[in-house]
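Report on one structure; see the data block that follows.
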Amino acid sequence: HLTLAGANTADASIPDPTAFTNTITPQIVFARVTDNITGCFSTEPLRIEVFLLPVAVVPADLEVCDDDNDGVFDAFVLSNVDAEITAGDTNLTVVY
Numbered sequence: 004h005l006t007l008a009g010a011n012t013a014d015a016s017i018p019d020p021t022a023f024t025n026t027i028t029p030q031i032v033f034a035r036v037t038d039n040i041t042g043c044f045s046t047e048p049l050r051i052e053v054f055l056l057p058v059a060v061v062p063a064d065l066e067v068c069d070d071d072n073d074g075v076f077d078a079f080v081l082s083n084v085d086a087e088i089t090a091g092d093t094n095l096t097v098v099y
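Numbering-wise, the numbering used here puts 81 at position 78 of the sequence shown, and it's gapless, one number per residue.
Right under this line is the structure:
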């Protein structure tokens, strides 16, 4: 139920709870649990909170040239592309 009043009166239940789409986050919906023998019921609020998945960006290829042809390459510093991978979102952490 979208409202406590609806849960208390058993009116306006969510038609298909398996296909519920929240309209705000967080959103409170109400469950009504009824004993089929006694008819007694209770209601409980349920808090629904939806978080967007982080979007990771595929960074450009890291390349290094052996400019002096000695067979020794400079080290790759992977953390140099962290900001590119997270698109600057400081709430994300990159682990290698």
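All C-beta atoms in this analysis are idealised placements derived from N, C-alpha and C, irrespective of residue type, glycine included.
So, does the stretch 46 to 55 touch the stretch 19 to 30, judging by three or more C-beta pairs under 8 Å?
Yes: the two stretches touch, three or more of their Cβ pairs being nearer than 8 Å.
Please say whether I88 and V97 have beta carbons closer to each other than 8 Å?
Going by beta carbons, V97 and I88 fall inside the 8 Å limit.
Given R35 as reference, the closest of D85, A10 and D92 once Cα atoms are compared
Selected option, being the one with the closest Cα: A10.
First and last residue of the uninterrupted alpha helix (DSSP H) at T12:
First-last of the alpha helix (DSSP H) with T12: L7 to T12.
Quick one: what does DSSP say P48 is sitting in, helix, strand or coil?
Strand at P48.
I31 beta carbon near the ligand ZN (any heavy atom closer than 7 Å)
Of the ligands one can find in the structure shown there are none, so the ligand ZN has no counterpart to examine.
Are the CB atoms of V58 and A86 within a distance shorter than 8 Å?
8 Å or more divides the Cβ of A86 from the Cβ of V58.
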